[in-house]
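Peer 1: This structure is in structure tokens; I'll ask about it shortly.
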Amino acid sequence: MKSENQRGWFFVLPVLILVAFNALIPLMTVVNYSVQETFGNNQFFWAGMRWFEEILRSERFHAALGRQLFFTATILIIEIPLGVAIALAMPRKGFWVPVCLVLMALPLLIPWNVVGAMWNIFTLPDIGLLGWTLNNVVGIDYNMTQSPVAAWITIIVMDVWHWTSLVVLLAYAGLISIPEAYYQAAKIDGASNWAVFRYIQLPKMKRVLTIAILLRFMDSFNIYTEPFVLTGGGPGNSTTLLSIDLVKVALGQFDLGPAAAMSLIYFGITLGVSWLFYTLMTRDET
Amino acid sequence: MPGPGVGPSLPSGPPTPHSWGPAMTLELKAVKKKVGGEPHIYETSLTFEVGGFNILLGATNAGKSTLIKLMAGLERPSSGEIWAEGRNVTGLNPQKRRIALVHQFFVNYPHMSVFDNIASPLRVQGMPEDEVKTRVHEAADILKLGPMLARRPQELSGGQQQRTALARAIVKDATAIFLDEPLANLDYKLREELRDQLPELLGDRGTVVVYATSEPTEALLLGGHTALLHEGRVTQFGPTTAIYRAPADLTSARVFSDPPINVAEVEKKGDRMHLGALHWQVAAEAAALRDGPYTMGIRPHHITPTEPEGDTVRITGDVQITELSGSESVAHFAVGPTSWVSLAAGIHPYRVGEAHDFFMVPGHCYYFAPDGALAARGRLHHG
Amino acid sequence: MAKIGLDKLRHSYLPTPKAPEDYALKEIDLEWTDGGAYALLGPSGCGKSTLLNIISGLLTPSEGRILFDGADVTDLPPDKRNIAQVFQFPVIYDTMTVYDNLAFPLRNRGVEETRVDARVREIATMLELEDRLTTRAANLTPDNKQKISMGRGLVRDDVNVIMFDEPLTVIDPELKWKLRSKLKELHQRIEVTMIYVTHDQTEALTFADQVVVMQDGVIVQIGTPEELFERPRHTFVGHFIGSPGMNILPCEVQGARAAFRGAPVALEGPIERIGTRTEIGIRPEYVRLAADGIPATVRKAADIGRHTVVEAVAGETVVNAIIAGPPPERGTEVHLALEPRQTRLYADGWIATEAGAP
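So, in structure tokens, the structure goes:
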């Protein structure tokens, strides 16, 4: 009897192997690199914690981390309320429900590099629809390859366009699970629309919003492809986010040791902040 | 006193197509279930046999569903073993055991017709289609679903949906059928109707039938054997009417009373029992009790507004709430700090706020020792 | 508090109803006095919830008017009608404490905080929730949650009516008793009009002073629990109320006499009329096992503690009897004696005997 049930482990084994190959082994390689120095020719020398100290003291890292944090905070502040607002505005039943859902899902279906390329072309001042319109019709001097402000606005708008849908879909799923009786009770209790949102909809959406915030945090904190394709980190270093900087260090300069140490710090921050978010948001549940 | 671990001493069930060798039983041997360190089921040993219903009676979260999941193999006990048909089936997949489970919610495949729903367990077994057809029609006839076979479940009433689920359970010749509050979501009258039919539908199929309910009256109507559950413990197990009349302890008496049993602290002094200012001659069966404090229990229908024959105790109290259920009258009344409930057949004109006389016969009282165990019960609890 | 009137109310969920069966409610006329306890009783789909939602204003009727104290409120939204409703599943504001939950309807109406505090404490004491006021409502048991739903209705002193939509569905039997008694007690204390919707006859009869029995969108009978039990106007009411329900025995009428399976049956009073289908109605409570009477065979008997329910078969007709004492064996030949004063005749479903002398 007992042996029969041990078979369950066999089913888990492939996943374990997979995780080992795509997460544990690469991670360990990175750990290995982070404590060594190399001058090419596969020659390695013990470096101890030196790279970590260097990175944590480096102004370049601080600046990139600052930009990364600013980017993530901005898109969270925009996407979460906007997503919730759109979800609230969506119909709950009837003909338009599937239409809205498909429309919402569309941006999510586009590959990341395509999104970057799309927006790159879209915003070109001479031939891009948006760039041309802003310059020639609205009369704003807009060129994101020259103005850091324009570049920032563009990557943020792009991310909002691409990812708000995810928040919308999650929030919508939370909303439609609220039984009708809650709305009826609130009506009878004389609750205002704000009170309905604050005391019924928001609490009932809390779980899915926790997931939405976590996903959006992790994704945006690790974002690489779209801003890289769009701005390449420029103009100057103005949109060089942590991930872009990391690639520059690792592949551009081939400083494997510092890049590995940076990756680990990066990973640590992502993990730490995610954990903090999750703990805070699920704190008062019993 | 039948406690946990003592099965009913019944002769083994009638021979059935499936019972070669050992009699068909379902046995829990010292089963425990902990979830996250918290005990959900304390050590339980029970033996359920073929013939008649085996009822699990208890409030929500008493552990009825957990026990069913353990027996059906949907959950694994933390320790202990489950035996069916004379072999250890602990940890064996439900798919590998011939069991059926009917839920409180009407679980049917929404995209299939009633026919296909009933046929699904047979098709999974790979039964030839013409045999499937005969079997499904047989089950549908028993459950009066004949005219509905072509419909989809959502076109049926709640009662018909639950009958479809039942048909799916009986069609596959299960060795054990588990019913987890199958009537809870039905209208009162539909519940009554289906409950009336259940013993005939499931009683003679050579299957172990385990039925969970939170309603004492349902247990009494279905008969068979009953296990009383309270906070993860089986407090008593035995023939349904017998344990109704002889609860092992105060908890069992509370679990198996609807309306709730009246409870009061009493003291025995010599040959009299004292309750506040009231006192009465203890009946013969309680005479041997040592003097001291006891908890008295008496069911509401044994407190009546009309004086019965024989020795009676008159209780005068202020009527607080009255309820009329057509054929029965309920009165809640207070005597000092104790509140009492009386339930009497017929219509009695109580006036709220006024004092009324009520009567009880000492022979209907239960006395429980301070540790809760039954110390003595009135001689009038026959059976 | 108010008198509630329903005037020629009809409702259909279809945009253009034509046939009578398109209507969930078919012409409802009712007058309910102030401070009463009423129940709407009927099986699923009989229209009772539709009617409830029309009274509360969550639904606008296709035709007819709703009057509170004579004033037409048909077009008023729920929050303007000063009503309260308790739903099948407890509706509580999860993030708020018990106190804030109870205070919510008052604060929404701008009641000053000292008054809110006094009311909340008063109601909490009545509901025996006074020591839970600072607990988060989400952490309570279902029965306490349901008490909060009730409390939110009771806390307002301007409520016209409190409505209950099968409020005890998710409550365990023992607590059901307690909560039902609590409700009854509250009604006796604050005397606000209460309407209780349920399919459970025990709940309806124990709660209400007057019960409205509905079937297929029509009111079949309005009466006190006693009237509905003793003298149902229609066999549906007889069957629906009582557990088991009234025995309905097909019979022949010859002149002024009724006969069941050829044997004459004494009735409560003279026969007023006959129809195409005549039936005898008698409650199981008034059927005895006697030395002589209708011969029948016991098919089933259940000792349910306070009495025994016997199911006997006479020919092809099932007759239930509620008796005292131990259950007879299956297959026992018995004779059923019907109490003449409780034996009624029904013609085409409707009562057809004159009431006997009391």
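Line by line, the protein sequences give chains A, B and C. The numbers in this note's numbering rise by one with no breaks, and the one at position 48 of the first sequence is 48. The numbers in this note's numbering rise by one with no breaks, and the one at position 53 of the second sequence is 1053. The numbers in this note's numbering rise by one with no breaks, and the one at position 342 of the third sequence is 2342. Cβ atoms here follow ideal geometry from the backbone N, Cα and C, with glycine treated the same way.
So what does DSSP say about A:Val15, is it helix, strand or coil?
Peer 2: Looking at A:Val15 - three-state DSSP - the assignment turns out to be helix.
Peer 1: Tell me which residues share the same chain as C:Pro2043 and place their Cβ nearer than 8 Å to its Cβ, disregarding the 5 neighbours each side in the sequence.
Peer 2: If we look at C:Pro2043 and ignore the five residues flanking it on each side, its Cβ neighbours are His2199, Gln2215 and Phe2240.
Peer 1: Could you give the distance in angstroms between the alpha-carbon of C:Thr2343 and the alpha-carbon of B:Tyr1350?
Peer 2: Distance between the alpha carbons of C:Thr2343 and B:Tyr1350: 27 Å.
Peer 1: Is A:Ser274 close to chain C, meaning its C-beta is less than 8 Å from at least one C-beta of that chain?
Peer 2: No, A:Ser274 does not count as interfacial toward chain C.
Peer 1: Applying the 10 Å Cβ sphere with the 16-neighbour rule, what's the burial state of C:Gln2085?
Peer 2: So C:Gln2085 ends up on the buried side.
Peer 1: What did DSSP end up calling C:Thr2141 once you bin it into helix, strand or coil?
Peer 2: Coil at C:Thr2141, not helix or strand.
Peer 1: Between the Cα of A:Asn222 and the Cα atoms of A:Trp96, A:Val137, A:Ile269 and A:Gly83, which residue gives the shortest distance?
Peer 2: Comparing Cα positions, the closest option is A:Ile269.
Peer 1: Can you tell me whether C:Thr2134 is buried or exposed, with buried defined as 16 or more other CB within 10 angstroms of its CB?
Peer 2: C:Thr2134 should be labelled exposed.
Peer 1: Counting only the same chain and skipping the five closest in sequence on each side, list residues whose C-beta sits under 7 Å from that of C:Thr2206.
Peer 2: Excluding residues within five positions, the ones whose Cβ falls inside 7 Å are Arg2180.
Peer 1: What residues of chain B sit near C:Gln2201, judged by a beta carbon separation below 9 Å?
Peer 2: By Cβ distance, chain B contributes Tyr1188, Lys1189, Ser1325 and Gly1326.
Peer 1: If I'm right that C:Thr2353 touches C:Ile2271 with Cβ under 8 Å, what's the distance once you round it to whole angstroms?
Peer 2: At roughly 6 Å, the Cβ-Cβ gap stays under 8 Å, so C:Thr2353 and C:Ile2271 are in contact.
Peer 1: Comparing C-alpha positions only, which one of C:Gln2188, C:Ile2171 and C:Glu2203 sits nearest to B:Lys1189?
Peer 2: The candidate whose alpha carbon is nearest that of B:Lys1189 is C:Glu2203.
Peer 1: Where B:Glu1192 and B:His1230 are concerned, what is the direct C-alpha to C-alpha distance, given to the nearest angstrom?
Peer 2: Those two C-alpha atoms are separated by around 26 Å.
Peer 1: Can A:Leu256 and A:Ala250 be called in contact, C-beta distance under 8 Å?
Peer 2: Yes. Within cutoff.
Peer 1: I'd like the span of the beta strand (DSSP E) that includes C:His2187, first residue to last.
Peer 2: Careful: C:His2187 lies outside any beta strand (DSSP E), inside the alpha helix (DSSP H) at Pro2173 to Ile2190.
Peer 1: Less than 7 Å between C-beta atoms, sequence neighbours within five positions excluded: which residues of the same chain meet that for B:Ala1119?
Peer 2: Cβ within range, chain order: Val1132 and Val1136.
Peer 1: Within its chain, find whatever has a CB closer than 6 Å to the CB of A:Arg67; leave out the 5 residues flanking it on each side and keep chain order.
Peer 2: Here the set comprises Leu241.
Peer 1: Let me know the secondary structure DSSP gives B:Gln1125 once reduced to three states.
Peer 2: The answer is coil: DSSP assigns B:Gln1125 none of H, G, I, E or B.
Peer 1: Taking the straight line between their C-alpha atoms, what separation do you get for A:Thr239 and A:Pro148?
Peer 2: Taking the straight line joining both Cα atoms gives about 7 Å.
Peer 1: At a cut of 8 Å, does the segment 1282-1295 of chain B reach the segment 1328-1337 of chain B through at least three beta carbon pairs?
Peer 2: Not touching, per the Cβ criterion.
Peer 1: Contact criterion: CB-CB distance below 8 Å. Does A:Leu280 meet it with respect to chain C?
Peer 2: No, no contact with chain C.
Peer 1: Could you list which residues in chain B have their beta carbon closer than 7 Å to that of C:Gln2342, in chain order?
Peer 2: Within 7 Å Cβ-Cβ: nothing; C:Gln2342 doesn't reach chain B, min ~11 Å.
Peer 1: How do the segment 2184-2201 of chain C and the segment 2032-2051 of chain C stand: do at least 3 beta-carbon pairs fall below 8 Å, yes or no?
Peer 2: Result yes; three or more Cβ-Cβ pairs closer than 8 Å.
Peer 1: Give, in chain order, every residue of the segment 2108-2120 of chain C whose Cβ lies closer than 8 Å to some Cβ of chain A.
Peer 2: So the list reads Asn2108 and Arg2109, given in the order they occur along the chain.
Peer 1: Less than 8 Å between the C-beta atoms of B:Phe1359 and B:Val1313, yes or no?
Peer 2: Going by C-beta atoms, B:Phe1359 is nearer than 8 Å to B:Val1313.
Peer 1: Taking a contact to mean a Cβ-Cβ separation below 8 Å, would you say B:Gly1080 touches B:Lys1029 in this structure?
Peer 2: Going by C-beta atoms, B:Gly1080 is nearer than 8 Å to B:Lys1029.
Peer 1: Just to make sure I have the definition right: I need the residues of chain C whose C-beta is within less than 7 Å of the C-beta of A:Tyr182. Which are they?
Peer 2: Per Cβ cutoff of 7 Å: Val2091.
Peer 1: Considering only residues of the segment 2057-2091 of chain C, which uninterrupted beta strand (DSSP E) runs meet the minimum length of 3 residues and lie entirely inside it, listed in chain order?
Peer 2: Whole beta strand (DSSP E) segments, 3+ residues: 2063-2068 and 2083-2086.
Peer 1: Which runs of the alpha helix (DSSP H) at least 4 residues long sit entirely within the segment 2213-2284 of chain C? Give them in chain order.
Peer 2: Qualifying alpha helix (DSSP H) stretches, in chain order: 2225-2230 and 2235-2240.
Peer 1: Tell whether a beta-carbon distance below 8 Å holds between B:Val1209 and B:Leu1220.
Peer 2: Taking 8 Å as the Cβ cut-off, B:Val1209 and B:Leu1220 do not qualify as a contacting pair.
Peer 1: Based on the DSSP output, what are the partners of C:Pro2295 in its beta bridges?
Peer 2: Partner(s): C:His2335.
Peer 1: Of the choices B:Pro1182, B:Phe1178 and B:Glu1323, whose alpha-carbon is the least far from that of B:Glu1049?
Peer 2: Taking only the C-alpha atoms, the option nearest B:Glu1049 is B:Phe1178.
Peer 1: Starting from the Cα of B:Cys1365, find the closest Cα among B:Asp1311, B:Leu1250, B:Gly1297 and B:Val1107 and give me that residue.
Peer 2: Out of B:Asp1311, B:Leu1250, B:Gly1297 and B:Val1107, B:Gly1297 has the C-alpha closest to the C-alpha of B:Cys1365.
Peer 1: May I ask you to report which of helix, strand or coil DSSP gives A:Ile86?
Peer 2: Here A:Ile86 sits in helix by DSSP.
Peer 1: Please classify B:Ser1342: does DSSP put it in a helix, a strand, or coil?
Peer 2: The answer is strand: DSSP assigns B:Ser1342 an E or B state.
Peer 1: On the DSSP bridge list, what partners appear for C:Lys2147?
Peer 2: Answer by DSSP bridge pairing: none, since C:Lys2147 is not bridged.
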